[in-house]
Amino acid sequence: MTTAPAARPAFEPLNDLERLLMAAASGGAGERAAFEAAVPDAELWVVPAAGEAAADVLRLRTVAQDGRPATAVFTARERAVRSIGPDAAPVAFPGRTLLETIRENPAVLNPGHGYGARWSSDAIAALIGRPNPAPRDRYPTGVARPASTPPGLVDNLTRELTAEPAVKAAWLALARWSDGEQGFLLDIRVAPGEAAIPVLINRALQGVTLDARLDVVVGSPDEAPGAGLEIVPARG
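For the sequence shown, the working numbering begins at -4 and goes up steadily by one.
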């Protein structure tokens, strides 16, 4: 976690998480650990991007961080309104749910306020206790057509991915990784930035008991066909 500079605007804490955030900024490793441990169980706020009719699509307002977009996250509704403007319509989520959804991208906590943090994708993964695998382990060493799948997984994936026009094809394969772990690989073909893939996957996994690793890779529609069960037939 990278805290804001020492000279900060006035910041009166509005909740317990903000009190922990302030303590982390001026304290040591113990205070920082306490704040980071509290984040997944706290309520966090985000602002849907302009033009979105459905908040559950979760295309969210971003800020620039190191030349790339980072999701703007807030510790209270008031922080979001003050940062984005009076026309903002902040939405609250359980911290773990939100961080799981946005973990593929960096995030900035409380942009424009005196106390906040900058989180890389790996930092977000660490907050929720699901560290991202090393790059060499993100692609399996072998894939095959699964003989069986968890109840509801294929039906849910088919429903959610087929309903998203930006998804041009998808396959679900049984996979083995270089560390010996087995699970499933979901191979999705979509133009970059055209679909909120993490949100689609989270919706598909609701009600599914998944006790195996599930990795998602996103490729171009122009790439060669994937392996495994055809979830979404190739379409233009």
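The beta carbon of each residue, even a glycine, is placed where N, CA and C say it ideally should be. Just so you know, these numbers come straight off a predicted model, no measurement behind them.
Leu12 by DSSP, collapsed to three states: which one?
Taking the sequence shown and counting its residues from 1, the one referred to as residue 12 is at position 17. Correct three-state label for Leu12: helix.
Other residues of its chain near Val203: CB distance less than 8 Å, five sequence neighbours each side excluded
Start at 1 with the first residue of the sequence shown, and residue 203 comes out as number 208. The residues Pro145, Pro146, Gly147, Leu148, Asn151, in chain order, have a CB closer than 8 Å to that of Val203 in the same chain once the five nearest residues on each side in sequence are set aside.
Tell me the residue span of the beta strand (DSSP E) that contains Ile183.
As a working note, residue 183 is residue 188 in the sequence shown. Ile183 -> beta strand (DSSP E) spans 177 to 185.
Decide if Pro101 is buried, meaning its Cβ has at least 16 other Cβ atoms within 10 Å, or exposed.
Position 106 of the sequence shown holds residue 101. Label assigned to Pro101: buried.
So what's Val52 in DSSP terms, helix, strand or just coil?
Within the sequence shown, the letter at position 57 stands for residue 52. The predicted model places Val52 with a pLDDT of 49, which falls under 50 and marks its position as unreliable; any figure quoted below should be read in that light. Looking at Val52 - three-state DSSP - the assignment turns out to be helix.
Under DSSP, the beta strand (DSSP E) around Leu103 begins and ends at which residues?
Position 108 of the sequence shown, counted from the first residue, corresponds to residue 103. The question names Leu, but residue 103 in the sequence shown is Val. Here the beta strand (DSSP E) through Val103 covers 102 to 104.
In terms of DSSP beta bridges, what is Leu39 paired with?
Taking the first residue of the sequence shown as 1, we reach residue 39 at position 44. According to DSSP, Leu39 bridges with Phe88.
What first and last residue would you give for the alpha helix (DSSP H) that runs through Glu31?
The residue labelled residue 31 in the question sits at position 36 within the sequence shown. Boundaries of the alpha helix (DSSP H) around Glu31: 24 to 33.
For Val149, which three-state DSSP category applies?
Here residue 149 refers to the residue found at position 154 of the sequence shown. Three-state DSSP puts Val149 in a helix.
I want to check one thing, is the minimum distance from the CB of Gly90 to the heavy atoms of the ligand HEM below 8 Å?
By its list of ligands, the structure shown contains no ligand whatsoever, and the ligand HEM lies outside what it can speak to.
I need the boundaries of the alpha helix (DSSP H) containing Glu73, first residue and last residue.
Here residue 73 refers to the residue found at position 78 of the sequence shown. Element bounds for Glu73: 72 to 79.
Which stretch, first to last residue, makes up the beta strand (DSSP E) that contains Val138?
Start at 1 with the first residue of the sequence shown, and residue 138 comes out as number 143. Note, Val138: beta strand (DSSP E), 137 to 139.
Since Leu209 is in the beta strand (DSSP E), which residue starts that stretch and which ends it?
Taking the first residue of the sequence shown as 1, we reach residue 209 at position 214. Under the DSSP assignment, Leu209 falls in the beta strand (DSSP E) whose first and last residues are 208 to 214.
Beta-carbon spacing of Ser55, Ile97 below 9 Å:
Position 60 of the sequence shown holds residue 55. Position 102 of the sequence shown holds residue 97. According to the sequence displayed, residue 55 carries Leu and not Ser. Ile97 sits close to Leu55, with the two beta carbons spaced by under 9 Å.
I'd like the span of the beta strand (DSSP E) that includes Ile192, first residue to last.
Along the sequence shown, one-based indexing puts residue 192 at 197. DSSP places Ile192 outside any beta strand (DSSP E); the residue lies instead in the alpha helix (DSSP H), whose first and last residues are 192 to 200.
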